[in-house]
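Read through the structure below, which is laid out as structure tokens, and then see the notes.
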Amino acid sequence: MSRATGPLLGSASILLTFALAPAGEVYWKHLQLDSKYRSEGVATADVNRDGEIDVLVGDVWYEAPNWQMHEIRTAGNYDFARGYSECFGNFAHDVDGDGWKDQITIGFPGKPCHWYRNPQGRSGHWQQFEIYHSACNESPNFNDVNDDGKPDLILGADAQLGFLTFSAGKDVTSKWPFHRVTPAGDPAQNGSDKFYHGLGVGDLNRDGRRDIIIPHGWYEAPSDPGDDSGPWQFHSFRLSKHPEETALKTAHLFVYDLDLDGDQDIIASSAHDFGIWWFENLGAENHTRFQYHLIDESFSQTHALQMADINGDGHQDLITGKRFFAHNGNDPGGKDPVVMVWIEVERTKNSPPTFTLHEIPAGRNTGPGTQFEVRDMNNDHRIDIILSNKKGVHLLLQDETIP
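Going by my numbering, the first residue of the sequence shown is number 68, and it counts up by one from there.
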């Protein structure tokens, strides 16, 4: 069942849809902020410091609670059937330390990445600064890998995988320094190609430091991750269905002890084919042997993946969906209907995990892009989903009050 209402207050045309889930499911409400193709990435932050969480999508931001649209830069006119936007990844952080959240934008893979200074309530476009001249890998990560308390941009550049750091209060208008994790080499093997698929950050060997994982292996964080004396030690493996096959084209990678046997397993989704998978850590020295397991293959193009506790039971769940027209409809299943799901994970010590897939009925006209966010948007202590892709800009809000 669904019920739709017309535009709400503000300059944006808002479509509000209520969708009932089967008994025992989580209920969701779909809020469409924009039907226009704006971005493949999305960020959230209190942009104007009014206590409400706003949504940013590269060219524009939407002001909560009425979702009025404001330009950050000149808004592009993107054709979903023929091309791509200039925002494949989007993050929000106070880069310059002035107390106002700025926007960090990853453009088309291989192009420069930028940050945009929050104008502190003043009208007009936000001031743009180049972070680095190239941002490669289709799943850049925003995470603190050098343990300095500030998030870093993990990506590829100049045939190397590494991370970019900033220092609030210093000359943040200059390009950020690039810290290499790999030596220069084959970008298609070390994760630094502009169209490389698969990247994650997590403590794979449980030494308290954040390692970097790609489908071809993992880079072990040194005792001082901020030390630039040399590349991180690489441990080779292949995330593939069979050991003799090539590595799968994944999206975001997560490490998580799924079978509670004391070591970290890897969870991945498929960027341009069918599949969500987990790879069981077989306990080899240096964590180099992983066994493939299928979670689900009922839909394709799960180009973005998140983990969060959706149903409030204290356990991490998976959130993903079918990216709409990832390759303009040419991928396997590329023209199938869009779907959004959360996957309930149940773990038992020394036993395989079980996965229960829950479709989000309210998400049938949404889908993730190459990156999305999950957070409590309305302070009701439930995790919500924030999306932007070729079907527009959307919120999927948990709502237990739906009759």
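Idealized CB from N, CA, C, for every residue including glycine.
None of these values were measured; they are calculated from a predicted model.
- Counting along the chain, P420 sits inside the beta strand (DSSP E) bounded by residues 418–426.
- Taking a 10 Å sphere around the C-beta of G150, we find fewer than 16 other C-beta atoms and assign the residue as exposed.
- Buried is the label assigned to K316, since at least 16 other Cβ atoms lie within 10 Å of its Cβ.
- L463 sits away from T437, with the two beta carbons spaced by 8 Å or more.
- Across the structure, H382 and D291 are spaced so that their CA atoms are roughly 31 Å apart.
- Linking L220 to P207 through their CA atoms gives a straight-line distance of about 7 Å.
- The stretch 127–138 and the stretch 179–187 do not touch, with fewer than 3 CB-CB distances between them shorter than 8 Å.
- According to the DSSP assignment, N210 belongs to the beta strand (DSSP E) that extends over 203–210.
- C-alpha of N445 to C-alpha of D451: approximately 9 Å in a straight line.
- Cβ-Cβ separation between F304 and T240: approximately 41 Å, too far for a contact (criterion under 8 Å).
- Taking a contact as a CB-CB distance under 8 Å, the pair F245 and A224 counts as one, their CB atoms being some 6 Å apart.
- Leaving aside the five residues that flank F147 on each side, the residues in its chain whose CB is nearer than 7 Å to its CB run, in chain order, Y104, F392, K457.
- In this structure, DSSP gives N257 a helical state, which the three-state scheme calls helix.
- DSSP places G342 in the strand class (E or B) of the three-state scheme.
- Scanning its chain for C-beta atoms nearer than 7 Å, with the 5 sequence neighbours on each side dropped, one finds around G236 the residues G164, in chain order.
- Taking a cut-off of 8 Å for Cβ pairs, the stretch 166–182 and the stretch 411–426 do not touch, as fewer than three such pairs fall below it.
- No residue range can be given for C154, since it is assigned to no beta strand (DSSP E) and is classified by DSSP as neither H nor E.
- When DSSP states are grouped into helix, strand and coil, G430 belongs to the helix group.
- For D447, the secondary structure class from DSSP, reduced to helix, strand or coil, is coil.
- Between the stretch 390–408 and the stretch 320–331, the count of C-beta pairs closer than 8 Å stays below three; the two stretches do not touch.
- Between the beta-carbon of L320 and that of G388 there is about 17 Å, and that puts the pair past the 8 Å contact cut.
- Under the three-state reduction of DSSP output, K96 falls in the strand class.
- Looking from the CA of G329, the closest CA among H354, G125, E107 belongs to H354.
- With respect to the C-alpha of H192, the residue from Q170, R276, A202, H200 having the closest C-alpha is Q170.
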